[in-house]
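Trainee:
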Amino acid sequence: MRRAIYPGSFDPITNGHLDVVERALRLFDEVIIAVAQNSDKNPLFTLQERTDLVREAILALPDHKRLRIECLEGLLVDYAEAREATAVIRGLRAVSDFEFEFQLALMNRKLNPRIETIFLMPKDNYTYLSSRIVKEIARLGGAIDCFVPKSVRTALKNKFL
Ligand code: ADP
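The opening position of the sequence shown corresponds to residue 151 in our numbering, with each subsequent residue numbered one higher.
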């Protein structure tokens, strides 16, 4: 069984994240989406809300039975090892992602050389998409229909009522 972890804040999950999940499912038998608390980023949605939105969003994916959703606790590489995962999935959009992701991947490799980081690129129209931008557009009342699943759209509307 080939298992990977896809960690992130998912504040909230977007179609870009889902695109990465679908690609990861082509490479692995099981993918665990690990939602991180990430208090540094001061999330808009609580951990519970973010996890619930991920759970709802993945139902639209044909292969959702091979997905698990959990809250990420502790050090990522320890978490991956404990779940017998061999890889960590990260999305790469543009050069701007590269420096941070490169640093993170090398640090994780240093911490645990058995866990490989795999970068997946989304469909080109999702390369400019981020949770941060979606929140900003929603806050200003713009249309986000093609960027996020319906449940996320509703949740964002309710946040900015
Ligand atoms: P984090 O706080 O860990 O960066 P995010 O939820 O912002 O959490 O992102 C999780 C992962 O998903 C990161 O590797 C990020 O680069 C990737 N990602 C985010 N948005 C997209 C997108 N539109 N297309 C592809 N990958 C993405």
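Built from N, CA and C at the ideal position, the CB exists for glycine as well. Since we're looking at a predicted model, the values are computed, not measured.
Tell me the start and end of each unbroken alpha helix (DSSP H) in the stretch 231-257 that is at least 4 residues and wholly inside, in chain order.
Mentor: You should have found no qualifying run.
Trainee: If you measure between the beta carbons of R152 and E180, is that distance less than 9 Å?
Mentor: As a working mapping, residue 152 is identified with position 2 in the sequence shown. As a working mapping, residue 180 is identified with position 30 in the sequence shown. In contact: R152 and E180 (Cβ atoms closer than 9 Å).
Trainee: Indicate, with yes or no, if the ligand ADP has a heavy atom lying under 8 Å from the CB of F160.
Mentor: Walking along the sequence shown from the start, residue 160 turns up at place 10. The answer is yes for F160.
Trainee: Determine whether the beta carbon atoms of E251 and R240 lie at a separation below 9 Å.
Mentor: One-based indexing of the sequence shown puts residue 251 at position 101. One-based indexing of the sequence shown puts residue 240 at position 90. Going by C-beta atoms, E251 is nearer than 9 Å to R240.
Trainee: Under 8 Å Cβ to Cβ from F195, same chain only, skipping five residues before and after it: list those, please.
Mentor: Walking along the sequence shown from the start, residue 195 turns up at place 45. Once the five neighbours on either side are set aside, the close Cβ partners of F195 are D161, P162, L203, A305, K309.
Trainee: Among residues of its own chain, excluding the 5 on either side of G158, which ones have a beta-carbon nearer than 6 Å to its beta-carbon?
Mentor: Here residue 158 is taken as the residue at index 8 of the sequence shown, counted from 1. Cβ neighbours of G158 beyond the five flanking positions: none.
Trainee: Any chance the CB of S281 is under 8 Å from a heavy atom of the ligand ADP?
Mentor: Residue numbering aside, residue 281 sits at position 131 when the sequence shown is read from its first letter. Correct: S281 has its Cβ closer than 8 Å to the ligand ADP.
Trainee: Using DSSP bridges, identify the partner residues of I268.
Mentor: Position 118 of the sequence shown, counting from 1, holds the residue named residue 268. I239.
Trainee: Within a Cβ cutoff of 7 Å, which residues of the same chain sit near L222, ignoring the five residues on either side of it in sequence?
Mentor: Position 72 of the sequence shown, counted from the first residue, corresponds to residue 222. Only P157, A184, V185, A186, Y229 meet the Cβ criterion.
Trainee: Have a look at D247 and R282 and give me their C-alpha separation to the nearest angstrom.
Mentor: Working through the sequence shown from its first residue, we reach residue 247 at position 97. Working through the sequence shown from its first residue, we reach residue 282 at position 132. Looking at the two C-alpha atoms, the distance is approximately 14 Å.
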